[in-house]
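Just below is one structure, and these are the notes that go with it.
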Amino acid sequence: MVPRVVTYYGQPLKSICPFCGSTFASFPSGFTRFIQSRYSDVLSFLVLQKLVTITICLVVLWFVADWGNLPDNISLFAAFGTVFFLALILAELVFQGVERMAAKFLHQSNYYWAILVLVSMFIAHEFPALAGYVALFFFMIIARGFVAVFILAWKKPVKSTFQ
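For the numbering used here, count along the sequence shown from 1 and bump the result up by 38.
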């Protein structure tokens, strides 16, 4: 007996054991496959390099706009962009630090992230004035993930699953 595979529009969703009927394998969705195709387990500084390059360009644009050669709206855009991308660089450094520490000790990084969440929850509970900063920190980690996927999307060609 072979396992049955439940499909949806030709794409496998899960396998069902022919003996007990339990689901023993789940196949990733289209969004998960897209994220997995863009993100590899090999750590690199490519995203950090691109973020630093974007930040340097925004700083130069900010200085040129402040010298009076460009409109004030561009100066404001460059200032906010510089602050946002500096925060993304810090989030990328935290992310790289956690992932590299886990790789160095041959551990899964989800344990380190769980510890970071627990420490953050403790800080937010004991010091309520810092709760907003804790939320902002995790927002920047999530925003870093979206920006990293967008940066890495240009690196790899899209591989269709229908070929």
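From the three backbone atoms N, C-alpha and C, an ideal C-beta is built for every residue, glycine too.
Starting from the Cα of residue i, find the closest Cα among the options and give me that residue.
i, options, result
"Ile153", "Ile94, Ala167 and Val136", "Val136"
"Gln134", "Leu86, Leu190 and Thr70", "Leu86"
"Ala173", "Thr70, Lys142, Leu124 and Ala129", "Ala129"
Measuring straight from C-alpha to C-alpha, what distance separates residue i and residue j?
i, j, result
"Trp105", "Ser82", "37 Å"
"Gln201", "Trp192", "Caution applies to Gln201, whose pLDDT of 45 falls short of 50 and renders its modelled position unreliable; the value that the coordinates give is listed next. Distance between the alpha carbons of Gln201 and Trp192 is about 21 Å."
"Leu190", "Phe177", "20 Å"
"Phe118", "Trp100", "10 Å"
"Thr93", "Val157", "30 Å"
"Phe175", "Val102", "30 Å"
"Ile161", "Gly170", "11 Å"
"Ile180", "Ala140", "19 Å"
"Val90", "Leu96", "10 Å"
"Leu131", "Arg138", "10 Å"
"Phe122", "Leu144", "33 Å"
"Gln146", "Val98", "40 Å"
"Val155", "Lys88", "27 Å"
"Lys142", "Phe188", "27 Å"
"Pro109", "Ala116", "11 Å"
"Phe184", "Asn148", "18 Å"
"Phe165", "Leu124", "25 Å"
Take residue i and list the residues in its own chain whose beta-carbon comes closer than 7 Å to its own, dropping the five residues that flank it on each side.
i, result
"Ala186", "Val85"
"His163", "none"
Does the beta-carbon of residue i have 16 or more other beta-carbons within 10 angstroms, so that it is buried, or is it exposed?
i, result
"Leu126", "buried"
"Ala167", "exposed"
"Arg182", "buried"
"Thr120", "buried"
Ordered along the chain, which non-local residues of its own chain (more than five positions away) have a Cβ less than 6 Å from that of residue i?
i, result
"Ile112", "Ala103"
"Lys107", "Here residue 107 is Asn; the residue named in the question, Lys, does not match the sequence. The answer is none, since no qualifying residue turns up."
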